[in-house]
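The next block holds one structure in the form of structure tokens; read it before the comments.
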Amino acid sequence: MNEARSRQVVIAGAGIAGLTAALALAERGLPVKLFEQAKQLQAAGSGLQLAPNATRILRRLGVLDRLLPNAVRPEAVVLKDAKSLRELARVPLGQAAEKRWGAPYLVAHRADLQAALAEEVAGWSDIELVTGARVTGIAADQRS
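In my numbering, the protein residues as written are 1 to 144.
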């Protein structure tokens, strides 16, 4: 067994960050144990914007295709004067963003992103998700 496989990474929290970290570490050959205090995954919050650098990572982790059916690809971000509604600036997105940055700019609900990440995590034998478990402390061993 190589050194990376002989160690297990422990992650506290199976929200968007914890699930993403678990996938990235497992992709690099590290076994992961992911603890979530809730008995089942529950997404909180509202919408979020995912810039092309984020969707590029989601693609690499195998999550983007799961998210796309529930996401919106805005054609542009438009800034307007609050009183007159006159357009002040426009940043093209949609196909222009994908062509320029190699990945889409998306708007999605946090629950949809968390669900897509959780579905991908479920397919990895190197990731163990433990729900209903609260992390109350940590202790490091002497190995470096």
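Ideal placement from N, C-alpha and C gives every residue a C-beta, glycine not left out. Just so it is clear, the structure is predicted and the values come from calculations on it, not from any experiment.
Best match in the options for proximity to residue i [C-alpha to C-alpha]
i: Ala-51; options: Leu-85, Ala-14, Ala-103, Gly-123; result: Ala-103
i: Glu-120; options: Gly-13, Leu-19, Gly-15, Ala-12; result: Leu-19
i: Thr-131; options: His-109, Glu-27, Leu-41; result: Leu-41
i: Arg-56; options: Lys-83, Ala-96, Tyr-105, Leu-93; result: Tyr-105
i: Arg-100; options: Glu-27, Asn-53, Gln-8; result: Asn-53
i: Ala-44; options: Gly-15, Gly-29, Ala-140; result: Gly-15
i: Val-107; options: Lys-80, Asn-70, Lys-83, Ser-84; result: Asn-70
i: Leu-30; options: Arg-7, Ala-17, Ala-12; result: Arg-7
i: Ala-12; options: Ala-140, Thr-136, Lys-80; result: Thr-136
i: His-145; options: Ala-17, Lys-39, Arg-28, Leu-67; result: Residue numbering for the chain in the displayed model covers 1 to 144; residue 145 lies beyond these limits and cannot be assessed.
i: Glu-75; options: Val-91, Phe-35, Ala-21; result: Val-91
Chain-order list of residues whose beta-carbon lies under 6 Å from that of residue i (same chain, five-residue window excluded)
i: Gln-37; result: Arg-134
i: Glu-128; result: Lys-33
i: Trp-124; result: Ala-26
i: Arg-59; result: none
i: Phe-35; result: Ala-12, Val-130, Ala-133, Val-135
8 Å Cβ shell around residue i - same chain, five flanking residues per side excluded
i: Met-1; result: Residue confidence for Met-1 is low, a pLDDT of 46 falling below 50, so the modelled location carries little weight and cannot support an answer.
i: Leu-23; result: Leu-61, Gly-62, Val-63, Leu-117, Glu-120, Val-121, Trp-124, Ile-127
i: Ile-138; result: Val-10
heavy atom of the ligand ATP below 7 Å from residue i C-beta
i: Leu-41; result: In the structure on display, the ligand ATP does not appear, and there are no ligands present to speak of.
Test item: CB-CB of residue i and residue j under 8 Å
i: Arg-73; j: Gly-94; result: yes
i: Glu-87; j: Val-78; result: yes
Below-8 Å beta-carbon distance, residue i vs any chain B residue
i: Leu-68; result: Among the chains of the structure shown, chain B does not appear; only one protein chain is present.
Same chain only: Cβ atoms within 7 Å of residue i, ignoring 5 sequence neighbours per side
i: Gln-49; result: Val-107
i: Ala-89; result: Leu-79
i: Glu-98; result: Pro-104
i: Asp-81; result: Leu-88
i: Lys-39; result: Thr-131, Gly-132
(message) Counting beta carbon pairs with one atom in the segment 107 to 117 and one in the segment 60 to 70, are three or more of them shorter than 8 Å?
(response) Yes, the segment 60 to 70 touches the segment 107 to 117.
(request) Could I get the ranges of all uninterrupted beta strand (DSSP E) runs contained in the segment 22 to 92, with 3 residues as the minimum, in chain order? (result) 32 to 36, 47 to 50, 76 to 80, 87 to 92
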